[in-house]
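A quick write-up on the structure given underneath.
There are 2 protein chains.
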Amino acid sequence: MAKIKLGKNVTKKEVITQTAAVLFKKKGYGSTSMRELAEALGVEAPSLYNHIGSKSELLQVVCFKVANAFTSYLDTVENNLTSNVYILEKIIRFHIQMMLNNFDEVYVANHEWKHLKEPYLSNFLIQRRGYEKRLVVLMETGIKQNEFKDVNPYVSVLTILSSVRGLEFWQQHKKNISSQVLEDDMVNHLLNGIKK
Amino acid sequence: MAKIKLGKNVTKKEVITQTAAVLFKKKGYGSTSMRELAEALGVEAPSLYNHIGSKSELLQVVCFKVANAFTSYLDTVENNLTSNVYILEKIIRFHIQMMLNNFDEVYVANHEWKHLKEPYLSNFLIQRRGYEKRLVVLMETGIKQNEFKDVNPYVSVLTILSSVRGLEFWQQHKKNISSQVLEDDMVNHLLNGIKK
DNA sequence: TACAAAAACTAATAAGCATTAGTTTTGCAA
DNA sequence: TTGCAAAACTAATGCTTATTAGTTTTTGTA
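Pasting the structure below:
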């Protein structure tokens with residue numbers, strides 16, 4: 000009876016996927032039923048299968064959309080050669096903006112990837128490890144070129160990625176601090192700790 | 000037939016809870032069945048109910064054990080009055096050690112608390128927010144007393160807590176770097192960014 | 001207005017879940 | 001060795017789940 004509502008230039012599958020991301024974030028993948036998802040869309044559960052293949056497909060789409068966004072950004076920023084410090088700053092800012100503007104999807108990719116089915120699970124982990132490794136190389140290069148202190152590059156990358164990821168706890172304070180102050184404070188805190 | 004094996008000074012309930020923590024971490028609370036837990040203990044599922052009340056009770060025990068450990072440590076370290084910088088350093092080191100030495104339980108408390116039932120869910124969140132608030136006050140005091148730069152205290156606390164939490168991704172590199180190097184590097188990275 | 005495709009619906013399936021009830025086995029103390 | 005409590009077992013219950021099959025309604029187009 001009720002139909003899935005469409006915005007502009009958005010397929011029904013995309014609407015379903017976005018709604019799924021909201022629910023997966025709120026309740027977790029395993030605890031979100033197709034009935035709940037259907038209800039959120041104003042539809043009966045089996046109707047969803049006219050548009051999607053399976054529940055786990057929804058998770059795959061969300062996780063790889065996020066992973067690909069980060070990988071693509073790193074590609075472009077690495078090609079514009081400047082200092083390693085500046086590249087790193089741009090990456091940190093991109094991570095922060097992704098956390099603030101695509102919160103549901105990033106959260107799901109960070110927390111629910113474990114429920115991916117093979118071979119997607121393995122591919123996701125390979126892609127993520129590759130991304131981290133590229134950041135480590137960036138840090139190592141910066142250390143050699145005397146831009147960064149002589150820290151352990153793994154520890155630094157880990158610290159940076161984790162800090163940014165922690166913005167998921169930020170939602171509650173959103174009203175008190177502008178996202179620009181947040182972004183600048185966080186960039187300074189993280190870069191001042193390692194810059195020479 | 001098979002009995003649950005006991006170590007020294009450990010009740011059967013504690014053995015079950017610890018095993019549950021390992022499984023909850025590996026597969027998530029919702030995707031861990033009582034059958035799997037029982038199998039890991041060499042027992043049939045209904046036998047578990049001779050020792051525990053319910054599946055969700057297991058999650059409660061894990062989450063509050065972790066939460067109480069952090070709260071207690073903050074109590075003791077706050078009573079030994081020294082500089083705010085030094086207190087903060089001790090707290091960071093405690094967090095790191097908890098991540099390294101009680102990984103399964105801390106991970107579960109960080110990731111699976113969402114599945115707690117009321118009123119435990121609310122209590123857990125209240126306790127966590129209270130803990131964070133105490134750290135913010137510590138940071139504010141340190142700023143007033145000119146120990147820290149004039150940063151936003153919420154952002155700094157968030158950055159620190161998130162970085163430490165990110166040690167969950169550390170397991171894979173464990174072999175390459177000693178935990179002492181890790182701890183010192185991370186403390187320096189985080190404190191150098193905000194110390195005056 | 002009629003037709004065809006898209007997308008909704010209802011009904012059903014088979015599997016998995018936590019948990020309870022009732023029974024048997026185990027292990028310790030007298 | 002006997003007896004009792006603790007702790008295991010088997011069997012069953014009732015519920016929820018993702019998904020499929022088959023049917024009807026809706027919608028856009030000729």
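Just so you know, the protein sequences line up as chains A and B, in that order. Here the first sequence stands for residues 0 to 195, where the numbers follow numbering that gives the first Met the number 0. Here the second sequence stands for residues 0 to 195, where the numbers follow numbering that gives the first Met the number 0. Yeah, the Cβ is synthetic: ideal placement off N, Cα and C, and Gly gets one too.
Kindly say whether residue i, judged by its beta-carbon, lies nearer than 8 Å to any beta-carbon of chain B.
i: valine 21 of chain A; result: no
i: methionine 0 of chain A; result: Interpretation of methionine 0 of chain A is limited by its pLDDT of 46, a score under 50 that renders its predicted location unreliable; the figure taken from the coordinates is listed afterwards. No, because no Cβ of chain B sits closer than 8 Å to the Cβ of methionine 0 of chain A.
i: asparagine 83 of chain A; result: no
i: methionine 33 of chain A; result: no
i: asparagine 67 of chain A; result: no
i: arginine 164 of chain A; result: yes
i: leucine 181 of chain A; result: yes
i: isoleucine 176 of chain A; result: yes
i: glycine 27 of chain A; result: yes
i: serine 71 of chain A; result: no
Which value, in whole angstroms, describes the spacing of the CA atoms of residue i and residue j?
i: aspartate 149 of chain A; j: isoleucine 142 of chain A; result: 6 Å
i: methionine 0 of chain A; j: glycine 129 of chain A; result: In this prediction, methionine 0 of chain A scores a pLDDT of 46, lower than 50, which makes its location untrustworthy; the coordinate-derived value is nonetheless stated afterwards. Approximately 46 Å, taken between the alpha carbons.
i: arginine 92 of chain A; j: threonine 70 of chain A; result: 15 Å
i: glutamate 56 of chain A; j: glutamate 56 of chain B; result: 32 Å
i: asparagine 67 of chain B; j: valine 163 of chain A; result: 26 Å
i: lysine 194 of chain B; j: glutamate 146 of chain B; result: 6 Å
i: serine 177 of chain B; j: leucine 99 of chain A; result: 35 Å
i: isoleucine 159 of chain A; j: valine 135 of chain A; result: 11 Å
i: leucine 124 of chain B; j: glycine 27 of chain B; result: 19 Å
i: glutamate 13 of chain A; j: threonine 81 of chain A; result: 37 Å
i: lysine 54 of chain A; j: alanine 20 of chain A; result: 11 Å
i: glutamine 17 of chain B; j: threonine 16 of chain A; result: 36 Å
i: asparagine 187 of chain B; j: methionine 138 of chain B; result: 17 Å
i: threonine 140 of chain B; j: asparagine 78 of chain A; result: 44 Å
i: histidine 96 of chain A; j: leucine 87 of chain B; result: The amino acid at residue 96 of chain A is misidentified as histidine; the sequence shows glutamine. Between glutamine 96 of chain A and leucine 87 of chain B, the C-alpha separation is close to 28 Å.
i: leucine 189 of chain B; j: lysine 132 of chain B; result: 19 Å
i: alanine 37 of chain A; j: proline 45 of chain A; result: 8 Å
i: lysine 204 of chain A; j: phenylalanine 102 of chain A; result: Here chain A covers residues 0 to 195 and nothing more, so residue 204 of chain A does not appear.
i: glycine 29 of chain A; j: aspartate 183 of chain A; result: 37 Å
i: leucine 115 of chain A; j: glycine 41 of chain B; result: 28 Å
i: alanine 39 of chain B; j: isoleucine 51 of chain A; result: 36 Å
i: tyrosine 72 of chain B; j: tyrosine 72 of chain A; result: 41 Å
i: valine 65 of chain A; j: histidine 94 of chain A; result: 11 Å
i: leucine 120 of chain A; j: lysine 113 of chain A; result: 7 Å
Using 10 angstroms around the beta-carbon of residue i, count the other beta-carbons present and answer buried if the total reaches 16, otherwise exposed.
i: glutamate 209 of chain B; result: Residue 209 of chain B lies beyond the residue range present for chain B, which begins at 0 and ends at 195; the question has no answer from this structure.
i: asparagine 31 of chain B; result: Correcting the residue type first, residue 31 of chain B is threonine in the shown sequence and not asparagine. The residue is buried, with at least 16 neighbouring Cβ atoms inside 10 Å.
i: glutamate 43 of chain A; result: exposed
i: aspartate 74 of chain B; result: exposed
i: glutamine 59 of chain B; result: buried
i: lysine 24 of chain B; result: buried
i: tyrosine 85 of chain A; result: exposed
i: valine 154 of chain B; result: buried
i: valine 9 of chain B; result: exposed
i: asparagine 49 of chain B; result: exposed
Counting only beta-carbon separations shorter than 8 Å, does residue i have a partner in chain A?
i: phenylalanine 168 of chain B; result: yes
i: serine 189 of chain B; result: Note on residue identity: the sequence assigns leucine, not serine, to residue 189 of chain B. Leucine 189 of chain B counts as touching chain A.
i: leucine 36 of chain B; result: no
i: aspartate 74 of chain B; result: no
i: serine 121 of chain B; result: no
i: isoleucine 193 of chain B; result: yes
i: methionine 97 of chain B; result: no
How close, in whole Å, do the beta carbons of residue i and residue j come, if the pair is a contact with beta carbons under 8 Å?
i: phenylalanine 196 of chain B; j: leucine 157 of chain A; result: With chain B running from 0 to 195 in the structure shown, residue 196 of chain B is simply not present.
i: glycine 165 of chain B; j: serine 161 of chain A; result: 2 Å
i: glutamate 104 of chain A; j: valine 76 of chain A; result: Going by Cβ atoms, the distance from glutamate 104 of chain A to valine 76 of chain A rounds to 21 Å, so no, they are not a contact pair.
i: glutamate 35 of chain B; j: leucine 47 of chain B; result: That belief does not hold up - the Cβ atoms of glutamate 35 of chain B and leucine 47 of chain B are roughly 11 Å apart, past 8 Å.
i: asparagine 151 of chain A; j: valine 180 of chain B; result: 6 Å
i: glutamine 126 of chain B; j: asparagine 83 of chain B; result: Not confirmed; about 23 Å, so no contact.
Exercise for review: Pull out every residue of the region 145-160 of chain B whose Cβ sits closer than 9 Å to any Cβ of chain A, in chain order.
Suggested key: Taking a C-beta cut-off of 9 Å against chain A, the contacting residues of the region 145-160 of chain B are Lys148, Val150, Asn151, Tyr153, Val154, Ser155, Leu157, Thr158, Ile159 and Leu160, listed in chain order.
**Study point:** Residues of the region 100-114 of chain B with Cβ closer than 8 Å to any Cβ of chain A, in chain order
**Key:** Cβ contacts with chain A come from His110, Lys113 and His114.
Practice item. Compile a chain-ordered list of the residues in the region 123-147 of chain B whose CB is closer than 9 Å to at least one CB of chain A. Key: Hits within the stretch, in order: Arg128 and Glu131.
**Study point:** Contacting positions in the region 38-60 of chain B - beta carbon closer than 7 Å to chain A
**Key:** From the region 38-60 of chain B, no residue has a Cβ closer than 7 Å to chain A.
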